[in-house]
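**Q** Which chain is which? The protein sequence lines are Y and B, in order.
Residue numbers for the first sequence follow our numbering, so the first one is 1 and each next one is one higher.
Residue numbers for the second sequence follow our numbering, so the first one is 478 and each next one is one higher.
Here a beta-carbon is modelled for each residue, glycine too, at the ideal position from N, C-alpha and C.
This one's a predicted model, so the numbers in the text were calculated from it and none came from an experiment.
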Amino acid sequence: MTSLRGRLTLLLVAGMGLLLAAGSLVLDRAITTRLLHAFDATLIAKAKSLETLTEQQKGRVWLEPTHEVMPEFEARLGAEYFQLWLADGSVLARSHSLRSGDLPRFGGPLAIPVLRDVTLPDGRHGRLIELRFHPRREKDEPLPDGELLDATLAVAGSREELDSSLSSLHAILVFFVLGLLMATAALVRVSLRVGLAPLNDLALQLDSLRADSLGQSLSAENAGNAPAELAPLLRHLDGLLARLKESFERERAFSENLAHELRTPLAELRALAEVGLRWPEEGSRPQVLAEVRGIALQMERIVLNLLALARCDGNQHTLWTSEVVLEAMLGEAVERCRSGLGREIAETEIELRLDVPSGLTLVTDGEKLALVLSNLFANAVAHGSPGGPVTCSATASGGEIALTVSNPAASLAPEDVPRMFDRFWRKDASRSGGQHAGLGLALVSSLCRLLKLDVEARLTGGVFEITLRGPLVLKET
Amino acid sequence: MRLLLIEDSDRLRETLDRGLRRAGYAVDTAADGRSGLSLAMERAYDLIVLDLMLPEIDGLSVLKSLREAGRSTHILILSAKDVVEDRVQGLRLGADDYLVKPFAFDELCARLEALVRRSYQAKNPTLRIGGLEVDTTSRRAWYAGREVKLTPREYRILEILVLRAGQIVSRRDLREDVNEPESDSASNIVDVLVFSIRRKLQEQGSPSLIQTRRSQGYIIETIETSAP
């Protein structure tokens, strides 16, 4: 995994290194140029002096003696050199240090000094200035053949001292840059450690979180000491923790409800079996078997509903789309409800009413839509007010169907409506009676999502309505 | 022993009612917290078996109300809620025992018997008075090592008299304990049962342990309880 601290250190040190290298190069170039200019200026000054000592008279050019005024041209180690040529290329004079040797000649333009790096006659690295000039003459001296004589002067000196100074300068700059880089790296590490400490603290805080401490607010706990940059992160983490807590609580409630829904019929079954085994003469066999069957059916309903929900969650349901005549399908669903819940319908005197236009054909998975409607009818019969009608109506418009199942529900409160589609939600907190586990409407919601139907529940004036809407209409006649 | 069963599941309530009656308890039942609390406040029960998730009033509220009203009846919570917090809360509110559904019927009976013994400060399931030995676990009785064959109702009468040895037990209490609370007060069912017990004890060589107190009830005078 990439280290934030490592990346920042690398970037900062590399950036600093580049800046230092560029600065050093500029500095080196400036100092080198300045030193070279100073060196060249000295050479030029000497050349000018020699130029001044060169005279012409009566068509002749000569150089006044230099050994007294310019002893650096005397023959000794480390001496400097000069050589003077006439226009015809003959050597007029040369320094004693040259002995019989020659300096290189480049033939530059008149009055413009030419500066070059050269290898001196003694093999040292040097610098040479070549100057072509008209030797000095008296004011009233007539020009021979009407033209001025010219001469070429070359002055050279060793640049070993200059090169040594430049090498020292380079070394100083390199050590300076490396030292600064190391110091920068150390400083950056320390700064990052101190600067990123709140992140480490946050990581430790997150590491210490447990399932039972998800309710805490990181923003509130770090309000005094967290840097402002972390505030958005803390807010997002708080949101995440809240969602996690909600999810855990929902999971726990689901497990508890499931345990209760299964524990109670299991307890019934076990008690029935153990009492029957202990006192076989107690209770008639058909009666006991009918009880066992009832418990098995109750548990089967729970398991099948849970399986259907799990398949919806896992997108394992395949939609088998076909043309479905709504009136016929609803009629069958009502009949199934009447046969399955006949006793409840009779006891509560609930009337099932259909208000559906004939000739309405939908394109959908008829089996799953029928399952949705059966669950809605069963829910309405189970929780509707006794004597009240359960009505199913349908309207179609613009290719969209709206199916509404409504029933009077005096015991429902407005705050119950948003929770009705939660798994295992039951109005009765005691979860009495095993006929309805609270999975029917959750299954309706999941199946409708699969069928691309919007589900809306509302309670208006004591009448509870669930409406399904979606673009399922194929034709209306 | 009078027992009140408060359970909202029809099937479980009916099955336990049947089983507990056969086990010798005089059982009343209630399907919701309100009627259960009402019964528990009106009548004196030896034991209450209480579900927690009940309609009307939940089980913990029933428990709390009973304890606040000074009722010390032994209460066993019988619930599908199995997490430690629920059990701790139930016991802290005054329940004497907690059993999680599903459960073994035998375990329920054993726990109820333990609560009954606790009611009478009898830790040993075997009660002894002279040569009479009553095993509250197997619900059988012996005199001088010979078994006294008793019907369930006869056993219940004998067990109550032994458990309350030294105390006069009224005919009405005995009638309710043998699950005949609705019978006519003039009914001599208790006298008939006591007569039968006396006869069976005498057949095994027992002197007359059960004394009649005119217009008051019956009493077994002396009790001697020993650990095996």
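For my contact list, residue 218(Y) and residue 234(Y) are in at a C-beta cut-off of 8 angstroms; report their separation, rounded to the angstrom.
**A** Locating residue 218(Y) in the first sequence gives position 218, counting from the first residue. Locating residue 234(Y) in the first sequence gives position 234, counting from the first residue. With 8 angstroms as the limit, residue 218(Y) and residue 234(Y) qualify as a contact, their Cβ atoms being about 5 angstroms apart.
**Q** At 4 residues or longer, what runs of the alpha helix (DSSP H) sit wholly inside the region 597-666 of chain B?
**A** Qualifying alpha helix (DSSP H) stretches, in chain order: 629-640 and 648-654.
**Q** Got a sec: is the Cβ-Cβ distance from residue 266(Y) to anything in chain B below 9 angstroms?
**A** Within the first sequence, residue 266(Y) is the residue found at index 266, counting from 1. Chain B contact via Cβ: present.
**Q** Residue 157(Y) by DSSP, collapsed to three states: which one?
**A** Counting from 1 along the first sequence, the entry for residue 157(Y) is found at position 157. Strand.
**Q** Does the region 19-28 of chain Y touch the region 123-136 of chain Y, meaning 3 or more C-beta pairs lie closer than 8 angstroms?
**A** No: fewer than three Cβ pairs fall under 8 angstroms.
**Q** Can you tell me which residues form a DSSP beta bridge with residue 83(Y)?
**A** What you label residue 83(Y) is simply residue 83 of the first sequence in a count that begins at 1. Looking at the DSSP assignment, residue 83(Y) forms a beta bridge with 94(Y) and 154(Y).
**Q** Buried or exposed: which applies to residue 161(Y), given that a residue is buried once 16 or more other Cβ atoms fall within 10 Å of its Cβ?
**A** If you number the first sequence from 1, residue 161(Y) lands on position 161. It is exposed - the Cβ of residue 161(Y) has fewer than 16 other Cβ atoms within 10 Å.
**Q** Indicate whether residue 529(B) and residue 552(B) have their beta-carbon atoms separated by less than 9 angstroms.
**A** Position 52 of the second sequence, counted from the first residue, corresponds to residue 529(B). Position 75 of the second sequence, counted from the first residue, corresponds to residue 552(B). No.
**Q** Given that residue 211(Y) touches chain B, what residues does it touch there, using C-beta distances under 9 angstroms?
**A** To locate residue 211(Y), count along the first sequence from 1; it is residue 211. Ordered by position in chain B, no residue passes the 9 angstroms Cβ test against residue 211(Y), which lies about 14 angstroms from the chain.
**Q** Can you look up residue 199(Y) in the DSSP assignment and give me helix, strand or coil?
**A** Start at 1 with the first residue of the first sequence, and residue 199(Y) comes out as number 199. If DSSP states are grouped into helix, strand and coil, residue 199(Y) belongs with the helices.
**Q** At what residues does the alpha helix (DSSP H) containing residue 31(Y) begin and finish?
**A** Counted from its first residue, the first sequence places residue 31(Y) at position 31. Residues 4-53.
**Q** Helix, strand or coil for residue 105(Y)? Go by DSSP, reduced to three states.
**A** Here residue 105(Y) refers to the residue found at position 105 when the first sequence is read from its first residue. Residue 105(Y) falls in the coil class under three-state DSSP.
**Q** From 607(B), 540(B) and 665(B), pick the residue whose C-alpha is nearest to that of residue 698(B); which is it?
**A** To locate residue 698(B), count along the second sequence from 1; it is residue 221. Here the closest residue by C-alpha is 607(B).
**Q** For a quick check, are the C-beta atoms of residue 390(Y) and residue 405(Y) less than 9 angstroms apart?
**A** Against the first sequence, residue 390(Y) aligns to sequence position 390. Against the first sequence, residue 405(Y) aligns to sequence position 405. In this structure, residue 405(Y) lies closer than 9 angstroms to residue 390(Y) by Cβ.
**Q** Since residue 442(Y) and residue 469(Y) are thought to touch, with beta carbons under 8 angstroms apart, how far apart are those beta carbons, to the nearest angstrom?
**A** For the purposes of this step, residue 442(Y) is taken as the residue at position 442 of the first sequence. For the purposes of this step, residue 469(Y) is taken as the residue at position 469 of the first sequence. At roughly 19 angstroms, the Cβ-Cβ gap does not stay under 8 angstroms, so residue 442(Y) and residue 469(Y) are not in contact.
**Q** To the nearest angstrom, how far is it from the Cα of residue 486(B) to the Cα of residue 508(B)?
**A** Position 9 of the second sequence, counted from the first residue, corresponds to residue 486(B). Position 31 of the second sequence, counted from the first residue, corresponds to residue 508(B). The alpha-carbon atoms of residue 486(B) and residue 508(B) are separated by roughly 7 angstroms.
**Q** Beta-carbon within less than 6 angstroms of residue 502(B)'s beta-carbon, same chain only, minus the 5 sequence neighbours each way: which residues are those?
**A** The count along the second sequence starts at 1 and reaches residue 502(B) at position 25. Excluding residues within five positions, the ones whose Cβ falls inside 6 angstroms are 478 and 480.
**Q** Quick one: which residues of the region 297-311 of chain Y get their C-beta closer than 8 angstroms to a C-beta of chain B? List them in chain order.
**A** Answer in chain order: no residues at all.
**Q** Take residue 704(B) and list the residues in its own chain whose beta-carbon comes closer than 7 angstroms to its own, dropping the five residues that flank it on each side.
**A** Working through the second sequence from its first residue, we reach residue 704(B) at position 227. Low confidence applies to residue 704(B): its pLDDT is 40, below 50, so where it sits in the model is not reliable, and the reading given next is rough at best. Here the set comprises 601.
**Q** Which residues bound the alpha helix (DSSP H) around residue 492(B)?
**A** Residue numbering aside, residue 492(B) sits at position 15 when the second sequence is read from its first letter. Its alpha helix (DSSP H) spans residues 487-499.
**Q** Just how far apart, CA to CA, sit residue 512(B) and residue 519(B)?
**A** For the purposes of this step, residue 512(B) is identified with residue 35 of the second sequence, where counting begins at 1. For the purposes of this step, residue 519(B) is identified with residue 42 of the second sequence, where counting begins at 1. So the alpha carbons of these two residues sit roughly 10 angstroms apart.
**Q** Do you know how far the Cα of residue 57(Y) is from the Cα of residue 69(Y)?
**A** Within the first sequence, residue 69(Y) is the residue found at index 69, counting from 1. Within the first sequence, residue 57(Y) is the residue found at index 57, counting from 1. Taking the straight line joining both Cα atoms gives about 22 angstroms.
**Q** So within the region 403-465 of chain Y, which uninterrupted beta strand (DSSP E) runs reach at least 3 residues, ignoring any that extend past its ends?
**A** For the region 403-465 of chain Y, whole beta strand (DSSP E) runs of length 3 or above, ordered along the chain, are 454-460.
**Q** Closer than 8 angstroms to a non-hydrogen atom of the ligand ADP - does that hold for the CB of residue 238(Y)?
**A** What this structure holds is no ligand at all, so the ligand ADP is not there to describe.
**Q** Go ahead and pull the three-state DSSP assignment for residue 581(B).
**A** Translated into positions along the second sequence, residue 581(B) becomes position 104. Correct three-state label for residue 581(B): coil.
**Q** Kindly give me the distance between the Cβ atoms of residue 309(Y) and residue 188(Y), rounded to whole angstroms, as I take these residues to be in contact under 8 angstroms.
**A** Start at 1 with the first residue of the first sequence, and residue 309(Y) comes out as number 309. Start at 1 with the first residue of the first sequence, and residue 188(Y) comes out as number 188. Rounded, the Cβ-Cβ distance is 55 angstroms, inconsistent with contact.
**Q** List the residues of chain Y whose Cβ lies closer than 8 angstroms to the Cβ of residue 553(B), in chain order.
**A** Reading the second sequence from its first residue, position 76 is the one you call residue 553(B). What residue 553(B) touches in chain Y: nothing, since even the nearest Cβ is about 14 angstroms away.
**Q** Does DSSP classify residue 701(B) as helix, strand or coil?
**A** Position 224 of the second sequence holds residue 701(B). With a pLDDT of 47 at residue 701(B), under the threshold of 50, the modelled position of that residue is not reliable, and the figure given next carries that caveat. Coil.
**Q** If you count every other CB in all the chains shown that lies within 10 Å of the CB of residue 260(Y), and 16 or more means buried, which is it?
**A** Working through the first sequence from its first residue, we reach residue 260(Y) at position 260. The residue is buried, with at least 16 neighbouring Cβ atoms inside 10 Å.
**Q** Whole angstroms are fine: how far does the CA of residue 294(Y) sit from the CA of residue 492(B)?
**A** Locating residue 492(B) in the second sequence gives position 15, where the first residue counts as 1. Locating residue 294(Y) in the first sequence gives position 294, where the first residue counts as 1. Each residue's Cα considered, the two are about 14 angstroms apart.
**Q** Quick one: is residue 701(B) buried, meaning 16 or more other Cβ sit within 10 Å of its Cβ, or exposed?
**A** Here the question's residue 701(B) lines up with position 224 in the second sequence. With a pLDDT of only 47 at residue 701(B), under 50, the local geometry of the prediction cannot be trusted, and no value is derived from it.
**Q** Output yes if chain B places a C-beta closer than 9 angstroms to the C-beta of residue 259(Y); else output no.
**A** By 1-based counting over the first sequence, the position of residue 259(Y) is 259. Answer yes: the Cβ-Cβ gap between residue 259(Y) and chain B drops below 9 angstroms somewhere.
**Q** Under a CB-based cut-off of 9 angstroms, is residue 492(B) close to chain Y?
**A** Numbered from 1 along the second sequence, position 15 holds the residue referred to as residue 492(B). Yes, contact with chain Y.
**Q** Pull up the distance between the alpha-carbon of residue 650(B) and that of residue 352(Y), whole angstroms please.
**A** What you label residue 650(B) is simply residue 173 of the second sequence in a count that begins at 1. What you label residue 352(Y) is simply residue 352 of the first sequence in a count that begins at 1. Those two C-alpha atoms are separated by around 53 angstroms.
**Q** Would you kindly work out how many angstroms separate the C-alpha atoms of residue 120(Y) and residue 103(Y), rounded to a whole number?
**A** Here residue 120(Y) is taken as the residue at index 120 of the first sequence, counted from 1. Here residue 103(Y) is taken as the residue at index 103 of the first sequence, counted from 1. About 7 angstroms.
**Q** So with CB distances below 7 angstroms, who are the chain Y contacts of residue 683(B)?
**A** Sequence index remark: in the second sequence, residue 683(B) carries index 206 (1-based). Under the 7 angstroms cutoff, chain Y gives no residues; its nearest Cβ is about 29 angstroms from residue 683(B).
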